[in-house]
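Student: Take this structure first; my questions come after.
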Amino acid sequence: MSGIGHNRGPSMEPGKTWRTHCWTAARTALLPTLPIEVVRNRVKRAAELGLDYRTYASVRAQTGHDVVAFLFSSNALRVTAQRPAMPEAKAAKLANVAASRRGLAVAPLTADLMTAGNPVLDGAWPAPWALDSFPVIRDRIRAALQGQPADRVILVGDHGLEAEWCAAGRLAAWLPAERYFG
Numbered sequence: 331m332s333g334i335g336h337n338r339g340p341s342m343e344p345g346k347t348w349r350t351h352c353w354t355a356a357r358t359a360l361l362p363t364l365p366i367e368v369v370r371n372r373v374k375r376a377a378e379l380g381l382d383y384r385t386y387a388s389v390r391a392q393t394g395h396d397v398v399a400f401l402f403s404s405n406a407l408r409v410t411a412q413r414p415a416m417p418e419a420k421a422a423k424l425a426n427v428a429a430s431r432r433g434l435a436v437a438p439l440t441a442d443l444m445t446a447g448n449p450v451l452d453g454a455w456p457a458p459w460a461l462d463s464f465p466v467i468r469d470r471i472r473a474a475l476q477g478q479p480a481d482r483v484i485l486v487g488d489h490g491l492e493a494e495w496c497a498a499g500r501l502a503a504w505l506p507a508e509r510y511f512g
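Just so you know, we're using this note's numbering here: the sequence shown kicks off at 331 and counts up by one.
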């Protein structure tokens with residue numbers, strides 16, 4: 331008998347090998363087999379976004395949509411009020427991204443200073459405070475999205491607290507800066 335938390339996998343009673351085989355075959359049949367051209371197009375799109383294929387495929391599988399924009403925290407871009415321009419390597423990578431690139435300026439950095447120092451960004455907005463309530467975070471994220479569907483936007487951040495912005499804004503995914511910029 332299966333109870334709460336049971337994953338309905340094969341039981342341990344006699345005939346376990348056959349049930350395991352049937353269960354594995356059924357699970358495999360659920361996974362789609364994509365035509366090679368679809369895979370090639372997705373590999374190409376991942377490169378256009380500056381993502382590795384595995385990350386891109388994961389986002390596509392979770393949301394069912396393509397990525398149309400990125401939100402970058404000023405922490406992820408290494409931008410501060412004293413140094414409002416991001417490092418050249420990061421700017422060069424973002425210049426080639428085939429999606430909207432938006433910044434979230436963490437105080438004391440202002441959105442205007444972040445935009446002025448980084449022409450590769452399509453704009454910047456004030457970032458939520460690290461410990462703001464979910465409704466406040468959601469409103470700040472929505473302001474930065476300017477009508478873009480949230481489930482098609484990836485947040486690139488540098489701190490674990492920024493990952494909560496992803497949940498509050500119902501964004502497609504959160505990526506640590508070191509993973510995106512490698």
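Idealized CB from N, CA, C, for every residue including glycine.
Using DSSP with H/G/I as helix, E/B as strand and the rest coil, what is P506?
Tutor: Reduced to three states, the DSSP call for P506 is strand.
Student: Can you give the Cα-Cα distance for G380 and K346, rounded to whole angstroms?
Tutor: So the alpha carbons of these two residues sit roughly 45 Å apart.
Student: Can you grab the Cα-Cα spacing for the pair K374 / P344, in whole Å?
Tutor: Going from the Cα of K374 to the Cα of P344 covers about 48 Å.
Student: Report all residues from its chain with a CB closer than 6 Å to the CB of A406; omit the five preceding and five following residues, and keep chain order.
Tutor: Same-chain partners within the cutoff: V486, G487, D488, A507.
Student: Hey, A421 and V397: beta-carbon distance below 8 Å or not?
Tutor: In this structure, V397 does not lie closer than 8 Å to A421 by Cβ.
Student: Within a Cβ cutoff of 8 Å, which residues of the same chain sit near R468, ignoring the five residues on either side of it in sequence?
Tutor: So the list reads A498, G499, R500, once near-sequence residues are dropped.
Student: For Y386 and R432, what's the separation of their Cα atoms in angstroms?
Tutor: Spanning the two alpha carbons is a distance of roughly 19 Å.
Student: Is the beta carbon of A435 less than 8 Å from the beta carbon of P417?
Tutor: Not a contact, by the Cβ cut-off of 8 Å.
Student: Going by CA-CA distance only, name the one from A446, G477, P414, K423 that's closest to P438.
Tutor: Considering only alpha carbons, the answer is P414.
Student: Nearest-angstrom Cα distance between R372 and Y383?
Tutor: Near 7 Å, if we compare the C-alpha coordinates of Y383 and R372.
Student: Relative to the alpha-carbon of G512, which residue among A419, A474, G447 has its alpha-carbon at the smallest distance?
Tutor: Out of A419, A474, G447, A419 has the C-alpha closest to the C-alpha of G512.
Student: Kindly indicate which three-state DSSP category V409 falls into: helix, strand or coil?
Tutor: Here V409 sits in coil by DSSP.
Student: Can you tell me where the beta strand (DSSP E) with A435 in it begins and where it stops?
Tutor: Here the beta strand (DSSP E) through A435 covers 430-435.
Student: Span of the beta strand (DSSP E) holding S403?
Tutor: Unbroken beta strand (DSSP E) run through S403: 399-403.
Student: Three-state secondary structure (DSSP) at P456?
Tutor: If DSSP states are grouped into helix, strand and coil, P456 belongs with the strands.
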